[in-house]
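Just so you know, the sequences run in chain order A, B and C.
Under numbering that gives the first Met the number 0, the first residue of the first sequence carries the number 0, and numbering increases by one thereafter.
Under numbering that gives the first Met the number 0, the first residue of the second sequence carries the number 0, and numbering increases by one thereafter.
Under numbering that gives the first Met the number 0, the first residue of the third sequence carries the number 0, and numbering increases by one thereafter.
Even glycine gets a Cβ: it sits at the ideal position worked out from N, Cα and C.
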Amino acid sequence: MSKIDEILSRYREGSHESLIPILQDVQEAEGYLSENAIVHIGSFLRMSTTKIFGLATFYDRFRFFPGGRVHIRICNGTSCFINGSAPVIAAVRETLGIEPGQTTRDGRFSYELTTCMGGCNEGPVLFCGDNYKTRVHPEDVPDMLAKLKSLSDLQ
Amino acid sequence: MQFTIEVNNRSIKAEKGETILSALNRNGIMIPTLCRMAEFTPTGACRMCVVEVEGRDRLITACSAPVEEWMKIKTHSPRVIRARKTIVELLLSNHPDDCLYCDRNLDCELQRLSDEMQVRERRIRGSKIKPRRDQSSPAIVRELSKCILCGRCIRVCEEVVTATSIDFIGRGRYTHVGPAMDRDFNFSSCIHCGQCVLVCPTGALHEKHYLSEVQEQLSKNDVIRVIQYSPLVPYALANEMGVKYTRDFDRILNATLRKTGFDKVFLSGAGTDILITELADAIIGSETTAGRKPLIVSACPAWVKYCEQFTPELLPLLSTLKPPQQISGSIIKSVVPVSDDRPRVYTVSVTPCTAMKFEARRDSMTRKGISDIDTVLTVRELARLIILYGIDMTNIDPEPADEPMELRSSAALLAEVAGGIAESVLRTIAVRAGGKEADRVAVKKLRSTGIFRETSVTAGGVTCSVAVVDGLKGLEKLKQMLDAGTHFDLVEVMACPGGCVNGGGMIPAGSKEAVRQRTRFIWQTDEQEAVRGPEQSSTVAGLYGNVFDQCPELADKKLFHTHFSKRDVLL
Amino acid sequence: MKENRANDIREFLVREVLLHGSDTLPAATAKRLAEIRRDKPGVPVIYVASGSAALIAGSRRSAAAAELYLNEMGIRGLVVSTGCHGPAAFEPLVSVHLPGKNKLIFRNITEEKIEPMLNGVFHNDMPAEDLVAQAGSSGFEAWHDIPFIEELPFFRLQKRVVLGNCGWYDPGSISEYIARGGYRAFLKTIRNYTHEEVCDIVEKSGLRGRSGGGFVTGLKWKYALNSSSDNRYLICNAKESDPGSYADRSVLEGDPHRLIEGICIASYAIGASNAVIYLKTGSPHPLARLRQALETARDYGIIGHNILSSGFNLDIVIMEEAGAFVCGEETALIGSLEGKRGMPELKPPYPTTSGLFGKPTVINNVETLMNVPLIMSHGPEWFRSIGTAGSKGTKLFSLGGRGRYTGLIEVEMGTTFKTIVDGIADGIRDGKAFKALQIGGPSGTFITEENLDLQVDYELLREKGIAMGSGGLIIIDETTCMVDFVRYYMEFIHKESCGKCIPCREGTGRMLEILENIIRKPNPEDSNATLERFKGVMQLETIASVMKDTSLCGLGQTAPNPFISAMTGFREEFEEHIFDRRCRSNVCRGLRTFSIDVDKCTGCTVCAAKCPVNAIYGTRLQPFFIVEDKCIGCGICFDVCKFSAVTVK
Ligand SMILES: Cc1cc2nc3c(=O)[nH]c(=O)nc-3n(C[C@H](O)[C@H](O)[C@H](O)COP(=O)(O)O)c2cc1C
Ligand code: SF4
Ligand code: SF4
Ligand code: SF4
Ligand code: SF4
Ligand code: SF4
Ligand code: SF4
Ligand code: SF4
Ligand code: SF4
Ligand code: FES
Ligand code: FES
Ligand code: FES
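The structure is reproduced here in structure tokens:
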């Protein structure tokens, strides 16, 4: 049984209200929503793929191509903003040359902006792998990314 | 229950349960709207229809808010007008200044609104989202930059057409309307019915134009230029051109088309008459076969594509007969004589339908790679062609169409309304089988307003039960009945609610009532015309008795048939 | 073995405590509960905070280090994780409870500080700089010269009712929650009151929705209860849309069972047998906590079919939202639960008559529901005694920004904002000057210095045109540029606008562009620029007022608030940007010109190496210079130069 079938088996056929949880599970398992997955889900829920795609593009969390091997989440919450997250985000954007939600061409990096992660006092907060990095300064960003890059090479 | 409310310091009568907008409209006060569609639940998306209600902090939308007894409403206060105007200006700030080049120039709701609001200056500036223009579909063009995201097309496609081929994609200002996976239209499940085009308030959706192609051919000396038009076209064209329709108009159109440069003018209705005859024959012929399956009419190309995509299990039941325009097209390409200096025939077909633009391109409609119909125009396009060629239709002598397809029966006209083909076939069967007119009362059951209609007619020992699916929403019912084992001999399915009178190439009707009016006109004409069925038509007699026999390509009538197969698209 | 014990405890708690008929428990039961609560521990207990803030600061590693320490030293003791105490600046917060003594609370105990700290505690040589306070009551030996936690301004000025449990027990343990009196209010409710009575009690208490609007909760419940239907739903809105707030998730992490109890009572009150917790996406810790809490509650029979033989059924599920601010709005939230794009719909009909799947639905905020068990156990009179004439109870805030102490706080209604800023937050960090207090996030307003005397009170704030918001409270100092801050909110809202209605979809985009234009780098070619900027600002006010007047949902209606409020309070900052092209806070990249002072520059090359766009040139040990055209004004050179040779204008 494919991963997607396994996920679908946990839900009721034709239940439109399961759509978002199913998409979340599939994305969790596969890293993104492939066309194949969307078609599959559509026939299971008896829903038009047009609707599924339309819905998925509404929500920030869904992506339609694989993310980077290193995925970074940067807090763009208010406290972190006040404490200087904008230059940090700019530094990440400039160093990686991609926008939030995109993946670098070599498939190494992707990043997203989040709102408050609960570490306001330590902002700007950045989450990557299993680690939080706190009080990040823009000038540290290039080194940090270089380190992550060599780490991802090791994997 | 009635009560009075105060509007602009005067009292007006309102009905309990109606919206503010309906109360105002009934009392002669107009409020601009953009996202509203008659007969749909309001979504409140555009906010154009706002009015001021005393005691409310914010303006409220007249299209959705119910009237209440205590209400004191201001419909055109400075605050309201400023809000509406700003909303239009906000839209325009993200809109291309393309009116002069736009398909909907002078016929655009946004343009009209900005004129009504007296927008005379670009006060709000900013960057524009310039999404792509998708010309990939043979029938429908999407110009996303002109889309104001009113969502009307999406609702029609889902709630009326049931194809659900388009939806909003993305969020916020980057939202756009498109098919699954944001593909181009030609890869989508769109069935080209054009119902979305009819409701789009701007030039964001329109039929694909082939006028320049026609112009080019008209200027060539080495082709024979042939045009055929559907039975409904003269009536629709008169409306579009603002001319009062009389029976003479059909023949004025013939003359007009010749003046435009066409060598031959044929009536697609002759093709319809053949279709009706063949369908009747098929039903009578199969009368003795046990366990008959219903024959499903395949005259509506949008329905055919729908069937290929969504209900492939019904494909074996589809009649393999080509639709009228293609039947006449194959006759044209077979019988119109060519010469050495004019070796090629170029055919144009004018229809109320956008899907036929797609149909003419199907593989099975071509011979050796050349299609029987080269170009399909909608009524709107034809009007433009005539205007472009500067022909004054009010000052022209009528002329007949060309042989061998110079006449049509009124049954062919009837085929332009949903149920019309079924009705015509029943009439023909009755005449063929019993020599008498069909039972009028039984036949008229097909004229009710339901989305699914059925009747059964017995004549001369032949009983024929038919069903009509008027708009694809009725398909569900058909499937249920077929699954339950209900027997039908003939099933007609029309994609556009009401039939071709409400086709995607027509002038938007705007309401069910307006479609009904067109339908009633056709019924009346049917009563008045002399030739009421193919069996009475001299054209049909000539074709069967003469033309087909003499033309080797047509003799076995194989050319009138086509085939269908399951279509793989993202549903 | 272990399982048996767990079953044992469950049996005991359900039978002897929850199902016990009267309010007073037999002494033996009470004694056993005290043991579960570890009221008088026989061994040292080390409590390590485990809320998100603590985890981000590294508390998981601290806990591991503490375990290791006990093992290595051969000390018999316990390491227990707790919920959130509130002061984020203290994370990781670790407390140590030695038998017979008061609890000691330490701040910033990262893993490497565990060993010295515990050494200090066990050898009575306290690391003074890390020690915050002691906590305890009679029966314990107090420590000398150590303040009590209640005496610290951060706690003294708060009134912790909703947060009463937070930080004091292990949120992963349902038995501790029950031992602290939990779930008894729920049991009392379903045994003693009808649906109407519960609604009445809550209405009488004066509880109002904590999401900002302040709608009377009991009344909302009655609307739903009185809508005839075979089925009703309760939705707990834990969407926490405000990008600067973490209050809802903090409390549900710190005391998940109280939220569940609140949901249980509310569901009973409206006759719902299904409840949904709609949780913000990307909140792994709160999600894990809630899942675990629901599982144990189900195991205890507190939710499920025929709850503790009462005949009441309730199923609670968690739905993780998928990332759209607007889904905090009721109709959009419901749409997304039904598997649709989260676009708000017209009201009426209101969810209380036709909500989820067309059934009557009540949507309540986390904080609102957290109050409910307290009201049911202490009675409406008790709740009415807290707060002001019009606003009862307390209010949670996620205090953030530039205060010295920030974090999760709870104040009594009627507390002034001055108390919060000067008292609880203890002023501004790094000795900077206060500028404004932002309340209500991207749909909120600014409270200026002269308005700080305002009280936390729905009516008083509304009179001033200020909305309470759902919990975000951000302290801003002189290092924040108001124009840039307003732009930040507008950018956020613009990104989050659902796009359904024109004023919000197009208006947010235009407002953002005009604001961006104000702070963009001046173009020397364009002599009209000032006029254009000015015209833009003229339009801003029109667009803002039309958006407020006509937008379909709360998002668009309130989106212009930060701008309007900043224009009232800080007009001169806007004018400086527009006319003088100056940013007094030196924030706006485009308006800053950096240059290198040749006299001070030592040619150390550091700045050139760090400049992201290679705008700095020079020869080693010679003064460097900045190429103005290439410079994007990021300010990194300014920050990294050790010789203060980079100047900014
Ligand atoms: C754009 C928008 C965002 C909202 N976000 C939240 C939110 O994050 N959390 C919340 O509890 N309520 C939010 N609300 C309010 C809810 O729609 C709803 O009114 C609230 O949950 C009712 O709870 P209460 O009565 O307990 O206050 C939001 C409203 C709007 C218009
Ligand atoms: S859609 Fe309307 S407003 Fe837009 S360019 Fe065309 S005619 Fe003009
Ligand atoms: S309407 Fe005005 S702008 Fe348009 S073509 Fe005529 S003169 Fe030119
Ligand atoms: S043409 Fe018909 S099927 Fe295609 S998008 Fe429009 S309404 Fe839908
Ligand atoms: S394409 Fe036309 S009908 Fe569809 S949303 Fe855009 S403007 Fe409206
Ligand atoms: S009903 Fe008529 S106009 Fe509509 S798609 Fe079918 S054939 Fe074309
Ligand atoms: S106000 Fe904004 S978020 Fe709300 S419906 Fe309109 S576009 Fe969507
Ligand atoms: S401000 Fe930034 S971009 Fe400009 S010179 Fe300094 S480091 Fe380079
Ligand atoms: S860091 Fe400072 S001292 Fe060093 S080269 Fe740059 S400006 Fe000069
Ligand atoms: S704002 Fe970034 S963690 Fe709270
Ligand atoms: S017509 Fe009323 S909101 Fe669009
Ligand atoms: S998470 Fe530890 S006190 Fe808030």
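Identity of the residue in the options nearest residue i by Cα
i: I427 (chain C); options: C:I446, C:A246, C:R401; result: C:R401
i: E320 (chain C); options: A:C127, A:M116, A:R60; result: A:R60
i: Y349 (chain C); options: C:E329, C:M481, C:K39, C:M467; result: C:E329
i: L481 (chain B); options: B:V159, B:G16, B:L313; result: B:L313
i: F573 (chain C); options: C:K39, C:T604, C:I518, C:Y192; result: C:I518
i: S308 (chain C); options: C:C610, C:L18, C:E10; result: C:L18
i: N545 (chain B); options: B:I190, B:P403, B:T259; result: B:P403
i: S94 (chain C); options: C:V131, C:T592, C:G73; result: C:V131
i: S335 (chain C); options: A:G128, A:R104, A:G53, A:S1; result: A:G53
i: D488 (chain B); options: B:E552, B:R439, B:I295; result: B:I295
i: E458 (chain C); options: C:G439, C:C165, C:T387; result: C:T387
i: A287 (chain C); options: C:G50, C:N527, C:K609; result: C:G50
i: G502 (chain B); options: B:M47, B:V52, B:V196; result: B:V196
i: D249 (chain B); options: B:I275, B:L406, B:V52; result: B:L406
i: C62 (chain B); options: B:W69, B:A37, B:T163, B:R78; result: B:A37
Residue-level contact to chain D via CB, residue i, 9 Å cutoff
i: T42 (chain B); result: This model lacks chain D altogether; the protein chains it does include are A, B and C.
Proximity test, Cβ basis, 9 Å: residue i and chain A
i: E534 (chain B); result: no
i: R361 (chain B); result: no
i: I650 (chain C); result: Residue 650 (chain C) is absent from the structure shown; chain C starts at 0 and stops at 648.
i: M318 (chain C); result: yes
i: R248 (chain C); result: yes
i: L570 (chain B); result: yes
i: A614 (chain C); result: no
i: T21 (chain B); result: According to the sequence displayed, residue 21 (chain B) carries Ser and not Thr. So, not an interface residue.
CB contact below 9 Å: residue i versus chain B
i: S504 (chain C); result: According to the sequence as given, residue 504 (chain C) is Arg; it is not Ser. Chain B, which has a Cβ nearer than 9 Å to the Cβ of R504 (chain C), makes this yes.
Residue environment, residue i, which counts as buried when at least 16 other CB atoms sit within 10 Å
i: V197 (chain C); result: buried
i: G338 (chain C); result: buried
Below-9 Å beta-carbon distance, residue i vs any chain C residue
i: T103 (chain A); result: no
i: R122 (chain B); result: yes
i: M47 (chain B); result: yes
i: F108 (chain A); result: no
task = Give, in chain order, every residue of the segment 323-345 of chain C whose Cβ lies closer than 7 Å to some Cβ of chain A.
result = A323, S335, L336, E337, G338, K339, R340, G341
inquiry  = At a CB distance below 9 Å, what residues from the segment 124-153 of chain A approach chain C? Give them in sequence order.
reply    = V124, F126, Y131, T133, H136, P137, E138, V140, P141
inquiry  = In chain order, what are the residue ranges of uninterrupted beta strand (DSSP E) at least 3 long that sit wholly in the segment 409-467 of chain C?
reply    = 433-438, 444-447
ask   = Name the residues in the segment 46-59 of chain A whose C-beta lies less than 7 Å from a C-beta of chain B; which are they?
value = S47, T48, T49, K50, F52, G53, T56, F57
message = In chain order, what are the residue ranges of uninterrupted beta strand (DSSP E) at least 3 long that sit wholly in the segment 120-200 of chain B?
response = 139-142, 166-168, 175-177
Minimum length 4: unbroken alpha helix (DSSP H) runs contained in the segment 224-288 of chain C = 246-253, 255-269
ask   = Fully enclosed by the segment 545-630 of chain C, which alpha helix (DSSP H) runs are 4 residues long or longer?
value = 553-557, 560-568, 570-574, 605-609
ask   = Got a sec: which bits of the segment 82-97 of chain B sit with their beta carbon under 7 Å from any beta carbon on chain C, in order along the chain?
value = A82, T85, I86, L89, L90, S92, N93
task = Check distances from the C-beta atoms of the segment 485-503 of chain C to those of chain B and list, in chain order, the residues that come in under 9 Å.
result = H493, K494, E495, S496, C497, G498, K499, C500, I501, P502, C503
inquiry  = Quick check for students: name the residue ranges of the alpha helix (DSSP H) that lie wholly in the segment 32-92 of chain A, counting only runs of 4 or more.
reply    = 34-44, 48-55, 77-81
task = Below 8 Å between beta carbons is the criterion; list the residues of the segment 164-186 of chain B that meet it against any residue of chain A, in chain order.
result = S164, I165, D166, F167, I168, G169, R170, P178, A179, M180, D181
inquiry  = To be precise: take each residue of the segment 69-101 of chain A, compare its Cβ to all Cβ atoms of chain B, and keep it if any distance is under 7 Å. Which residues remain?
reply    = none
query = For the segment 22-43 of chain A, which residues have a beta carbon sitting closer than 9 Å to at least one beta carbon of chain B?
reply = E34, I37, V38, G41, S42
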